[in-house]
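When we follow this note's numbering, the leftmost residue of the sequence shown carries the number 15, and every step to the right adds one.
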Amino acid sequence: MLSALCALLPASAATRAWLDRATGVEGEPVTLNIETDQQGVAPDYTPLQRDFALGTPFRSRTSGGAGQVFGIALTPRRSGLLEVPPIRVGREASAPMRLQVDAAPAAASSDAQVFVESSVDDAAPYVQQSVGVTVRLHYAVPLLSGELTQDAPAGASLQRVGDDVQSTRQIGNRRFNVVERRYLLVPERSGPLQLPAARFRGQAAGGFFDDMFGERRELSAQSAPRQLQVAAQPAAAAQPWLPLHGLRLRYVAAPQQARAGEAVELVVEAVAQGGTQALFPELPVPELPGVQVFAEPAQFAERFVDGAPELTVTRRFALVPGAAGSLRIPGPALSWWDVGAGAARRASLPPLTLEVAPAAAVGARAPARHPADVPPPADDAIVAQDEDAGAVSWPWRWIALGLALLWLATLGWALHLRRQAPAGVLPASGPVAGSVPVMTRADLRRALDAGSFEDVVACLRRMRSPMPVDLDALLVSLDDAAQREALERMRRALWADDGAPADARAALRSAFRTGPVWRAEPAPVRAALPPLYPERAGRRPAG
């Protein structure tokens with residue numbers, strides 16, 4: 015078990031780097047992305063300054079929240095095959111990469127004030143394969159308005175992805191502003207496919223006299239159309255059909271120990287190069303006999319890498335073993351088609367094996383024994399004889415009779431005090447004790463591990479006496495600010511779509527790990543003034 019888990023740890027903590035496109039153009043920036051699971055670290059970009067001009071670094075969190083992604087824009091200083099050296103991040107370093115930088119195109123070296131380029135990441139895709147389309151608008155004059163369009167070809171769907179990316183590019187002695195727009199092209203049938211030219215129409219600011227008389231210069235440009243040859247789905251391909259450039263699976267979190275009746279968390283991540291959320295199948299739910307499996311909805315993150323779409327899917331599973339013993343969790347597997355090699359592939363993870371400890375005894379009572387289960391007395395035990403039983407029982411009868419008379423006297427005295435109780439004391443309101451079943455910390459732990467948010471709230475309400483009527487009253491009853499904030503965070507995540515439910519559930523488990531912290535019960539409130547019309551014996555009601 016330990017060897018299997020240790021083999022997975024480097025994969026979950028590895029630092030990975032990639033460029034947002036396979037080739038670059040001299041003077042045009044490319045984006046370097048670095049992903050790591052280390053906390054409190056930052057990349058050292060110093061080795062890049064020899065061949066690249068560095069832009070402003072940025073940072074973001076990964077979809078699962080366990081890691082972070084660093085990025086920086088790199089502008090090649092020259093054309094040719096440039097090397098991106100390893101970048102040190104904390105105690106790790108990224109792998110070296112190479113970038114092919116082409117010289118500026120001939121069309122860009124002309125006197126044109128605006129021109130458009132388009133490119134595709136795969137000119138020979140398969141049916142239903144996601145193809146990245148990049149359209150770049152270059153302009154060297156200030157624009158007052160404009161429209162950049164890319165029509166969809168016949169026999170394919172075209173969808174715009176993300177926001178426009180703006181940069182600058184030096185071509186010869188002129189500096190151009192660049193607007194980069196990305197699309198997702200999905201062919202629907204095999205055969206030749208022509209991507210129409212991308213077109214731009216806009217207005218540029220004129221000279222001084224043109225501005226005085228309201229004159230505007232009309233500008234227009236278009237790219238060359240692109241020809242694609244779409245291949246049919248191979249007969250040897252597995253179903254569901256999943257054409258990709260690459261597919262990686264890894265365990266983001268793997269359980270190392272478990273206890274019967276308590277949930278453990280399993281988190282699986284899939285990174286599909288060339289994949290999209292619409293075409294990617296669900297990560298399979300593990301089928302485990304004797305284990306309850308609760309699967310949360312998958313989280314998706316789409317981005318462009320090397321000019322092609324890349325999809326990251328993260329899914330969390332809560333596993334609740336029903337009994338102690340050895341538990342084997344089969345590794346997830348997905349079949350896909352390698353579009354580069356033209357071959358069927360299968361990505362899988364190794365199975366996990368862990369030992370499940372017996373359930374913890376919380377408030378367990380010893381079972382009542384049946385007469386047949388009572389062990390026989392030992393040889394030296396003193397056993398009462400039948401003839402002595404009658405003599406011994408007589409004193410107990412008198413004692414029981416005396417206790418009954420004392421109970422009747424106490425009941426009468428209590429009724430007398432109740433009739434004379436002052437009206438200024440206000441009884442505490444709330445449900446009658448015993449009207450709802452009382453919950454324990456063990457019930458709360460099960461609700462936090464495998465129940466819904468409503469189950470957790472219901473369990474907390476039943477742990478409080480008197481029981482709060484709703485969630486707002488429950489929040490008032492809690493004395494711990496972290497517990498109140500955890501409940502509010504879960505409510506916002508579920509009902510206001512504010513935050514990830516998985517992160518809110520983790521915060522809820524952490525806040526209530528040792529049970530709820532209640533406010534002290536207020537003392538009974540006595541009325542400041544005596545009643546205006548106190549009740550009197552024998553008083554006749556009005557009317």
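Quick reminder that beta carbons are idealized off the backbone N, C-alpha and C, glycines included.
The structure displayed is predicted, hence computed values, not measured ones.
(Q) Can you look up V65 in the DSSP assignment and give me helix, strand or coil? (A) For clarity, residue 65 is Asp in the given sequence; the question names Val instead. In the three-state DSSP reduction, D65 falls in the coil class, being neither helix nor strand.
Quiz item: So what's F467 in DSSP terms, helix, strand or just coil?
Solution: Helix, per DSSP.
_Secondary structure, alpha helix (DSSP H): runs of 4+ residues fully inside the region 176 to 260_ = Qualifying alpha helix (DSSP H) stretches, in chain order: 222 to 226.
Own chain, CB closer than 6 Å to V155, minus 5 neighbours either side, in chain order: Listed in chain order, the non-local C-beta contacts of V155 below 6 Å within the same chain comprise Q127, A218, local neighbours out to five positions each way being set aside.
- Selected residue, minimal CA-CA separation from G169, among G69, Y140, D494: For G169, the closest C-alpha among the options G69, Y140, D494 is that of Y140.
| query | Out of curiosity, what's the CA-to-CA distance linking T45 and Q306? | reply | Straight across, the Cα-Cα distance linking T45 with Q306 is about 44 Å.
- From A332, E301, A337, A286, pick the residue whose C-alpha is nearest to that of E316; which is it? Out of A332, E301, A337, A286, A286 has the C-alpha closest to the C-alpha of E316.
| According to the Cβ coordinates, are M504 and R476 closer than 7 Å? | Cβ distance not < 7 Å, so M504 and R476 don't count as in contact.
Nearest-angstrom Cα separation, counted from P254 out to V244:
Roughly 19 Å separates the two Cα atoms.
- prompt: With a CB to CB cut of under 6 Å and the five nearest residues on each side skipped, what residues in its chain are close to F84?
  reply: Closer than 6 Å at the Cβ level, and outside the excluded window around F84, lie I48, P57, R73.
Own chain, CB closer than 7 Å to P239, minus 5 neighbours either side, in chain order = Here the set comprises Q208, L209, P210, A211.
Exercise. Under the three-state reduction of DSSP, which class applies to W32: helix, strand or coil?
Worked result: In the structure shown, W32 sits in a strand (DSSP, three-state: E or B).
Whole angstroms is fine: what's the gap from E369's alpha carbon to A525's?
Roughly 27 Å separates the two Cα atoms.
Review point. Helix, strand or coil: which one does DSSP assign to A507?
Key: Under the three-state reduction of DSSP, A507 is assigned to helix.
(message) Strictly by DSSP, which residues pair up with R317?
(response) According to DSSP, which records beta bridges pairwise, R317 is partnered with E324.
Q.
Taking only three categories from DSSP, how would you classify T367?
A. Correct three-state label for T367: strand.
| query | Taking all protein chains shown into account, do 16 or more other C-beta atoms lie within 10 angstroms of the C-beta of V490, making it buried, or fewer, making it exposed? | reply | Flag for V490 reads exposed.
In three-state terms, what does DSSP make of T562? Any property of residue 562 remains undetermined from this structure, which presents the chain solely from 15 to 557.
Q: Can you give me the Cβ contacts of R30 inside the same chain, cut-off strictly under 6 Å, excluding the 5 residues immediately before and after it?
A: The residues are E49.
Using CA coordinates, which residue listed in A495, G529, L492, A507 is at the minimum distance from L462? Looking at the Cα atoms, G529 is the closest of the given residues.
- Between the Cα of F467 and the Cα atoms of E502, R478, A456, A250, which residue gives the shortest distance? Of the candidates E502, R478, A456, A250, the one whose C-alpha sits nearest the C-alpha of F467 is E502.
Point to revise | Beta carbon of S108 nearer than 7 Å to that of G288 | key: Contact flag unset, no.
- request: List in chain order: all unbroken beta strand (DSSP E) runs of 3+ residues lying wholly within the region 282 to 313.
  value: The region 282 to 313 is shown to contain whole beta strand (DSSP E) runs of 3 or more residues at 305 to 309, in chain order.
Exercise for review: Compute the Euclidean distance between the alpha carbons of G630 and R527, then round it to the nearest angstrom.
Suggested key: With the chain represented from 15 up to 557, any question about residue 630 goes unanswered, as that position is not in the structure.
* Along the chain, where does the alpha helix (DSSP H) that runs through R523 open and close? -> Segment 515 to 525, the alpha helix (DSSP H) holding R523.
- Query: Based on Cα-Cα distance, which residue from I86, R112, W351 lies nearest to E97?
  - Reply: Nearest to E97 by C-alpha distance, out of I86, R112, W351, is R112.
Under three-state DSSP, which class holds R455? Residue state, collapsed to three classes: helix.
Would you grab the beta carbon distance between L522 and A500 for me? Rounded to a whole angstrom, and I think it's under 8 Å.
-> Right, their Cβ atoms sit about 5 Å apart.
key: Buried versus exposed, by CB contacts within 10 Å (16 or more), G38   = Classification of G38: buried, given that the 10 Å Cβ count is 16 or more.
- Query: What's the call for F223, buried or exposed, on a 16-neighbour Cβ count within 10 Å?
  - Reply: Bear in mind that the predicted position of F223 carries a pLDDT of just 48, short of 50, making it too unreliable to give a figure here.
Look up R533 in the DSSP assignment and say whether it is helix, strand or coil.
In the structure shown, R533 adopts coil according to DSSP, grouped into three states.
Q. Taking Cβ positions, are V278 and L341 nearer each other than 7 Å?
A. Contact annotation: V278 and L341 have beta-carbon atoms that are not nearer than 7 Å.
_Pop quiz: L33 and L62 are said to be a contact at Cβ under 8 Å. What is the actual Cβ separation, rounded to whole angstroms?_
For a cut-off of 8 Å, the C-beta gap from L33 to L62 is around 12 Å, too long to register as a contact.
Quick one, which of P100, Q164, Y153, R35 has its alpha-carbon nearest D116's?
-> Cα-wise, what sits closest to D116 is R35.
Original post:
Within this structure, are the beta carbons of P372 and G146 separated by less than 7 Å?
Top reply: Against a cut-off of 7 Å, the Cβ pair of G146 and P372 comes out as no contact.
Q. For T60, which three-state DSSP category applies?
A. Here T60 sits in helix by DSSP.
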